[in-house]
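Input: a single structure, listed below in C-alpha cells.
4 protein chains.
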Amino acid sequence: MSRLWDKGLPLDERILRYTAGEDHQLDARLVDYDVRASIAHAEMLAATGLLSEDDCSKICTGLAELRASFDAGEWQISLDDEDVHTALETRLVAAIGETGGRLHLGRSRNDQVLTALRLYLREVTQDLGNRIGNLRQSIDALADRHGGLPLPGYTHMQHAMPSSVALWCGGFAEAFDDAAAGLRAAQRRINKNPLGSAAGYGTPGLPLDRELTTSKLEFDEVQEPVTAAQLSRGKAEATVLFELTLLTQDLGRMASDLLLFYTQEFAYISLATDTTTGSSIMPQKRNPDVLELLRATSATVQACMDEALQITSKLPSGYQRDLQRLKAPLFRGIDLSIESVDIMAHVLDGIEFQAENIVLDPGIHAAEEANKLVVDEGLPFREAYRRIAARFTR
Amino acid sequence: MSRLWDKGLPLDERILRYTAGEDHQLDARLVDYDVRASIAHAEMLAATGLLSEDDCSKICTGLAELRASFDAGEWQISLDDEDVHTALETRLVAAIGETGGRLHLGRSRNDQVLTALRLYLREVTQDLGNRIGNLRQSIDALADRHGGLPLPGYTHMQHAMPSSVALWCGGFAEAFDDAAAGLRAAQRRINKNPLGSAAGYGTPGLPLDRELTTSKLEFDEVQEPVTAAQLSRGKAEATVLFELTLLTQDLGRMASDLLLFYTQEFAYISLATDTTTGSSIMPQKRNPDVLELLRATSATVQACMDEALQITSKLPSGYQRDLQRLKAPLFRGIDLSIESVDIMAHVLDGIEFQAENIVLDPGIHAAEEANKLVVDEGLPFREAYRRIAARFTR
Amino acid sequence: MSRLWDKGLPLDERILRYTAGEDHQLDARLVDYDVRASIAHAEMLAATGLLSEDDCSKICTGLAELRASFDAGEWQISLDDEDVHTALETRLVAAIGETGGRLHLGRSRNDQVLTALRLYLREVTQDLGNRIGNLRQSIDALADRHGGLPLPGYTHMQHAMPSSVALWCGGFAEAFDDAAAGLRAAQRRINKNPLGSAAGYGTPGLPLDRELTTSKLEFDEVQEPVTAAQLSRGKAEATVLFELTLLTQDLGRMASDLLLFYTQEFAYISLATDTTTGSSIMPQKRNPDVLELLRATSATVQACMDEALQITSKLPSGYQRDLQRLKAPLFRGIDLSIESVDIMAHVLDGIEFQAENIVLDPGIHAAEEANKLVVDEGLPFREAYRRIAARFTR
Amino acid sequence: MSRLWDKGLPLDERILRYTAGEDHQLDARLVDYDVRASIAHAEMLAATGLLSEDDCSKICTGLAELRASFDAGEWQISLDDEDVHTALETRLVAAIGETGGRLHLGRSRNDQVLTALRLYLREVTQDLGNRIGNLRQSIDALADRHGGLPLPGYTHMQHAMPSSVALWCGGFAEAFDDAAAGLRAAQRRINKNPLGSAAGYGTPGLPLDRELTTSKLEFDEVQEPVTAAQLSRGKAEATVLFELTLLTQDLGRMASDLLLFYTQEFAYISLATDTTTGSSIMPQKRNPDVLELLRATSATVQACMDEALQITSKLPSGYQRDLQRLKAPLFRGIDLSIESVDIMAHVLDGIEFQAENIVLDPGIHAAEEANKLVVDEGLPFREAYRRIAARFTR
C-alpha cells in the first residue's frame, strides 16, 4: 500500500498512526460522496480536454464499481490507506491501471475532502429535516389525543396562567419548525463549490471549468477566489453543529418538562412501559432513562460545536492539518442528534396525560380577573392589579 | 421608588441586588427600543378600544419625552428601578398620572424585554453589516495598493504554491462577505413579534391585535402560539453570537497571518507607527499589540455564545429568571465585535507590504510543472508527480 | 500623561482605546497588590545595592501614600494611564521626582502584572473559603432545624430509597467542603513568584535577589527558569475558575432541588417572603427568582473559564498581549461566585420544610425489604429482588 | 440474555440501543477495575457475615476467571449486556450458579460504576505521569544537544531579549512538571471510596463495612455521607480533563513555537524526515502535520471537559442517567492526551536546531544596555531607557 505522497522515504509507523488518526474509520461515510465528486471531476477534465473520453469512461466505471464493492462490504479503508481519497485512488489504479493516475490532475486532497464533506452535509441535513418532520407528527398526534386538557402555564416553575396540552405542544412544534428552518438556512454555507481550488491556490496552467462541476454536483455557486475555500473550512460544519445545539436544547427542554410531569409529585403523565427501564437494586422502579439522556444530549452537541470552533480559531490562513480534526465532532454531533430526534418521537407516541392529576392553582386566573376589571370597570391595569393582589397578601 | 410587582412586603436589599444584578446598567441601551415597543403597544390598545385615544396620546407623548430626557442625560436607570421597563413605567406615571398605569394592560415584562431585545438586535446587526462593509473597503484598498505582489501560498505554514497579495485579500474578502450574509440570515430568528404573548400564555379575556403591533414594529410575523415566545428566548441571541464568533475568528486568523508577516524573520509588512505600541522595559520595541488583541477576540465572543447557550439548556419551558442573564454576554460579544471590526479596518489602512523581503521558495512551482508535464506530454498526473518529486528527495 | 513606553511618537487614540480596553477600570482592585509588590521589589533593589536606602525609603513611602489616596477616592486609573502599573509609576514620579524612575529597574510590566494578580488571587480565594464556611454553617443550621424529617431519596427524579433532610444537607455539605479544599489546592499554582523574570527572559547584567522578594511576598518558591513565568500565565487563573465552576455547579444543583421542592406540586419547602419577588402582571405570584439565578450561575462561570483557556491556547511562548484579556473573565467569575455563595447562605436561612407535604412512596422500602429477605432467609440478592419485584409488575 | 433489572416486561429495542448507547464498547477498559472492586466487595460481605466464606471464594475465583477470559479475547460486552456490570454478573451466574446472585447485595450499579471509574482514573493518571516523565527526558536531551545556542527571546512575536535553547526548553520543562503535579493533585478527588453508598442512599438494614473496602481498594477515605457520592460524580472526571487541557495546551504552544521555527522564513530547526509527511499534489513538500495536530489537540480535550461539565450542570441531586454520558468524553480526552504526550517526545528526539540560521536582532540588547547605564552611571532606569530609546526612534 503506498500513500499518494509517498516518495520512498521512511515514515515512522507511530507518526502515521497519530496523523491518520481515526480517519480510516470516519471516512467510511464519505465513500459515496467522494466517488460522486470524483466522477464530476473526471467528466469536467474530459470536457475541457484534459482527459480522453475513453479514460474518463474507465475512471467513472471503476469508481462506481469501487463504491458498489465497498457497499457490499468487500473492502474497508485501512489505517495504511490513511483516508478515503487515497483508498479510492489506490484501488482505482489497481483496478484500471495507470489511467487511474490521471484522475488527480487539477485537484488536491484539500479541495477533495471539502467537496465530499459538503455533499455529505447537504444530504444529512435534508435527512434530519425529514426526521424532524416525523417528530412534529408525533407532537401533533399528542395534541390530537390530549390537546383539550388544561395544564398550568408555568413561570418560575410556579402556576402562573391557564394553559393546555395543546399550547404546550404548540410551543415545541414552533421550536422544531424553527430548527428545521435553521438547517435549511445552513445550506447557504454548505452549497458553495470548493472543487478546483486544489491545495487552496488554484491550478496554475490548467484550464479547469469550475462552473461545470458546480452544476454537475448541484452546488449553488463556485466558491471564489480559490483562497476562500480553505479559509471557510469549519464554517459549514460549525453552522450545522450550532443548529443541532439549538435543536437538541429543545429536545432537552421538552425532556425536562416531561421528567417533571413524570415525577410522583406531579404525576401528569404516564410513559409507555417499553420506554422505561428498571433498577438493579430497587425492584419497584420504572425509570425514564431515555428522557434523562435526551436532557443530556445538548451538552454533547454543544461540545462538538465548541471543539469545531476551537480547531479553526487563530490558525494562519491556508490549509493546516488541524482541520482534519473537524470530522470527528461533526459526525458525532450529527449521529447523536439523529438518534435523539427519532427516539423523542417514539417516546411521545407512548405518553398519556393523566387528567385526574392535573389541578390548577386557584390563583392562576388572577391576571385574567385583573384584565376583566380593566375591561368592565375601566380601571387602569395597575389599579386592577393592586386590587386583585390584595387578596393574595398574607 | 416602587417596583411594578410591589405589594408592600419586605424585600431584602441583598436579594434585590442579586436578582436585579447589572440590569440597571445594561438596560440603558434598551430605552429607545422599549419606548418604541410601548408606543406600538399603546396604539394597538387604542385601536382595539382598550385605551382611549386621549390616554394613548398622553402615554405616547410621555414616553417620547422620557426617551428625550434620558438621551439628554437627565435620568438614569437605578438599581431601585430594577430594569428599563419599571424605570419607564414609574416615571411615566409620575409624569402623566394614573393614565400611565393603563399601559401595562395585555403585556408582561416577559414579552416586553423580548420585544425590546429583538428591535435592538435588528438594528445593531444592520449597523455591524455596515461596519463590515467598511472593513471590506479597507481590504479592497490594500489589494489596490499591493495586489500584484507575489506571496507564497502556504499550506502547513510551508511555501506550497504561488499566490499574491490580491489572492490573500480576496480570501478574507469572501470570508467577511459571508459573515455579513450570516448576520442578515440571522434576521429570520430576530424578526418574529413576541409582543402579546404576555407572560408566555397570552392575555385571557383581552382582544389584542398582534398583527397590528407586528406591522407597526416592522416584524416579519407574529410569533405563535404564545408559548413559543419564551421557549425561543436565547435563540436569536445565540445565533447572532455564533455569527460573531465566525466573524471574529476571521479577524483573528487575519491577525495571525499579519503577526507572522510582521515578525523580523518574515518582514513582509510594516505597520503604521501610530498603530503600534512600545515596551516599558525594552526601548527598541514597536509592538503589534492591536493584532494580538484581535487574535484573542474570538475567545471572548465564543465564550459569550457558550454562556448564552448554557443559560437556556435543560430549563423547563415557560419563563425562568435565568433568561435575564442572557443580556450581559450578548452585549459584551456585540460591543467587542464592533470595536474589533472597526480597528482592523484602521490597521489595514496602515499596512505596507515590503516587496523586497518576499522571496518565494523555488520549489513552489513544482505542482505547476507537474501539471505542465501532463498537458504537454500526456503523462498521468501521478507519473508527472513522481518525476518532479524525484528532484526534491534528498 | 505619558505612557511608560512613550518615545514621543504619535499614538492613535482609537488604538489606545482598543488596546488598553477596560484595564483602567479592572485594575482598580490591583492597586493594593501592585503597591505591595513594588515595595518588595524596591526593598530588594536596596538590599542588593541597586537602589540607595534613601531612595528606597522615598519610593516606599510614596507608594504607600498613593495607595492611601487611592483608597480615599482621591484619584482613579484613567484610560490615559492605560493600566495600574503606569498609573502608579507616573504619580510616584510626580510626587517624589526622578527617584520614582528608579523603581522600574529589573522588572517589566509582564512580571509586575503577574505578581499583582497572584497576590490578589491568593487573598480572594482565601476570602472565598471563608464565605463557603459561612454557607456551610447555614447548611448545618438547616440540618439542625429539620434534619430529622424524612425525605424521599430520588434517583431518576423518582422516589427510590428513604432519605432525610439531614442526608440531603450532608451531601451538599461534603460538596462545599470539597470546593473549599479545591481552592486551597489551587494555591499550588498561585504561590510561585514570577517577580524578576521581567519581560520573560530575566534581567541581564543585574544581580537581582529573587529569593528575597519571594520571602517578602510570602510566595512558596521562585518560579524558574525565567521563561516559565509567562508560559504559566492563565494557569492559576483557569484553575481558580475551574474550581469556581464546580462550586457554582453545586450551588446550581442545590437550587434545582429547591426549585423542585418549591413547586406547588411538591410544596416541600417555604421560602422567606423577603427572598422572593413578584410578577408585574400576575398579582398572586411569589417567585423564587434568586434560586433561578443561582441555577444559571455556573453557565457564566464556566464561560469565564472557557474564555480564559481559549485565550492562551495555541499561542507561541513568550509574552503576548492576548494575555491581558484574562483579567476580565477572571474578575467576573470571581465576583459572581462570591455573591452567589453569600446569597445562597441567606436563602437557606429562610427555608422551612413543610413536613405535612412530604409523603414517601410506599415502594420506597422495597430494596430494604429485599435486603431483609437476604439477611433473614439467606436468599441470594437476585432472588430476593425478583420476589419483591413481582409485587410491582402490573 | 437478561438485564439485571429485567422483570419480564417488554423493552423496546430502540430504547435499549439509545439508553445503553456505546457503553458496551466503552466499558471494555473497566472490566479489570470492576472485577477488583467486586472482589473487595465480596470479601467485605464475607467479613461482615453477609456471605459465606465458601460463596465468597467461588465468587472471587469466578470473577478472576472472567477477567482472564476477557483479556484473552474469549468474550466481549455486547449491546444486550448493556454495561460491564451486567455483563460480569450475568456471566458469573452462568459460571457458578445462583451464588453469583449473592454478589449484588449492598451495592448498586450507581456506586459500582463510580468505584470502577475511580480505580481506572487513579491508574491512568499515574501512567500519564510516567509518560510526561519521558517527555521531560526528551526535552532535557534536546537541551543537552543544543542548549547553549542563543535564541531570540520573543515578546509580541518580536525579538525582545537574548534567550537560548536551554531557556526555551526550561520553560516547557517547568510547564510539564506542573502538569504532572496537577495530575497528582487530582488524586484528592479520585481517591474517595463511594462503594457502599449503593443507589446514593446507603443500604438500610445491612451492616456494611465501608472502611474495609476502602483499605482493600487503597482509597484514602470513605466518601460520606452516602448522598455525597452521586453528587460528586463528574468532579474527578472534570478535574482530570481540566488538567489535561492545561497539559495539551502546553503541547500545543510548544507545537506553535516549533511550527514557527520550521517555516522557511525562520528555518531554525529541522525535523527528522520520518516525522514529516508529503503532499498529494505538491511533490516538493515535507509537512509538519504531526505538529499541526498537536496544536489542535487542546481544542478536543477542552471540549471533552466542557462536555463533562455541562452534563452535570443544573441536575437535581441523586443519580440521573445523564451521568452515564460522562464516560465517552473522559476516555476520549485521556486517550488523545496519552498519544499526544508520546508523539511529542518522539518529535523532539528528531529535532535539530540550525545554528547558522538563528540571527538575533541587534536591538535585542537594548534593555541590557539600559540596565548597564543604571549600574555604571547611577541613572534612574527611566532616564537610561529614554537615552537608549532615542537610538531607535526613526
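Residue numbers (this note's numbering), protein chains in the order written: chain A, 798 to 1191; chain B, 798 to 1191; chain C, 798 to 1191; chain D, 798 to 1191. C-beta: ideal position from N, C-alpha, C; glycine also. Just so we're clear, the structure is a prediction, and the values are computed from it rather than from any experiment.
Are the C-beta of residue i and some C-beta of chain C separated by less than 8 Å?
{"i": "D:A1105", "result": "no"}
{"i": "D:M798", "result": "For D:M798, the predicted model reports a pLDDT of 41, less than 50, meaning its position is unreliable; a value from the coordinates is still stated below. It does not; no Cβ of chain C falls within 8 Å."}
{"i": "A:T1094", "result": "no"}
{"i": "A:H821", "result": "no"}
{"i": "B:T1010", "result": "no"}
Does the distance from the C-beta atom of residue i to that of residue j stay below 8 Å?
{"i": "B:Y998", "j": "A:S960", "result": "yes"}
{"i": "D:A1164", "j": "D:L992", "result": "no"}
{"i": "B:D908", "j": "B:A995", "result": "yes"}
{"i": "D:T896", "j": "C:P1177", "result": "yes"}
{"i": "B:Y917", "j": "B:R1050", "result": "no"}
{"i": "D:A1181", "j": "D:A1167", "result": "yes"}
{"i": "D:V832", "j": "D:A869", "result": "no"}
{"i": "C:D1006", "j": "B:A1100", "result": "no"}
{"i": "D:P1004", "j": "D:T845", "result": "yes"}
Taking 8 Å as the CB-CB limit, is residue i close to chain A?
{"i": "D:Y1182", "result": "no"}
{"i": "D:H1162", "result": "no"}
{"i": "C:K1169", "result": "no"}
{"i": "D:H1143", "result": "yes"}
Closest Cβ-Cβ distance between residue i and chain D: below 8 Å?
{"i": "B:F1063", "result": "yes"}
What whole-angstrom Cβ distance do residue i and residue j have, given they're in contact under 8 Å?
{"i": "B:D1158", "j": "D:Q1061", "result": "6 Å"}
{"i": "B:T1097", "j": "C:R1030", "result": "The pair is not a contact, with the Cβ atoms about 16 Å apart (cut-off 8 Å)."}
{"i": "B:V828", "j": "B:V881", "result": "6 Å"}
{"i": "A:H1143", "j": "B:Q1117", "result": "About 28 Å separates the two Cβ atoms, so there is no contact after all."}
{"i": "D:L1044", "j": "D:R1092", "result": "With a Cβ gap of about 14 Å, D:L1044 and D:R1092 do not count as contacting."}
The ligand GDP and residue i: does any heavy atom of the ligand fall closer than 7 Å to the residue's C-beta?
{"i": "A:L1176", "result": "In the structure on display, the ligand GDP does not appear, and there are no ligands present to speak of."}
Against chain B, with Cβ distances strictly below 8 Å, would residue i count as a contact?
{"i": "C:L1068", "result": "no"}
{"i": "D:E1174", "result": "no"}
{"i": "C:Q934", "result": "no"}
{"i": "C:H797", "result": "Residue 797 of chain C lies beyond the range of chain C shown here (798 to 1191); nothing can be said about it."}
{"i": "C:Y815", "result": "yes"}
{"i": "A:P1113", "result": "yes"}
{"i": "D:F1150", "result": "no"}
Given residue i, which residues of its chain have a CB within under 8 Å of its CB, disregarding the five upstream and five downstream residues?
{"i": "D:S1114", "result": "T1024, Q1027 and L1028"}
Looking only at its own chain, which residues have a Cβ that is under 6 Å from the Cβ of residue i, when we skip the five neighbours before and after it?
{"i": "B:L1149", "result": "Before going further, note that residue 1149 of chain B is Glu rather than Leu in the sequence given. The answer, listed in chain order, is S1067."}
{"i": "C:D1146", "result": "S935"}
Return the chain-ordered list of same chain residues with a C-beta closer than 7 Å to the C-beta of residue i, the five sequence neighbours on each side being excluded.
{"i": "D:D1139", "result": "R928"}
{"i": "C:T1074", "result": "N1084 and D1086"}
{"i": "D:M958", "result": "G950, I1161 and A1164"}
{"i": "B:G898", "result": "V890"}
Exercise. Per the contact definition of three or more C-beta pairs closer than 8 Å, is the region 924-932 of chain D in contact with the region 979-995 of chain C?
Worked result: no
Exercise. For the region 869-888 of chain A against the region 933-942 of chain A, are there 3 or more C-beta pairs whose distance is under 8 Å?
Worked result: no
Problem set entry | contact_flag[the region 1037-1055 of chain B, the region 1127-1141 of chain D] where n(CB pairs < 8 Å) is 3 or more | no
Exercise. Hey, is the region 1004-1020 of chain A in contact with the region 838-856 of chain A, meaning 3+ C-beta pairs nearer than 8 Å?
Worked result: yes
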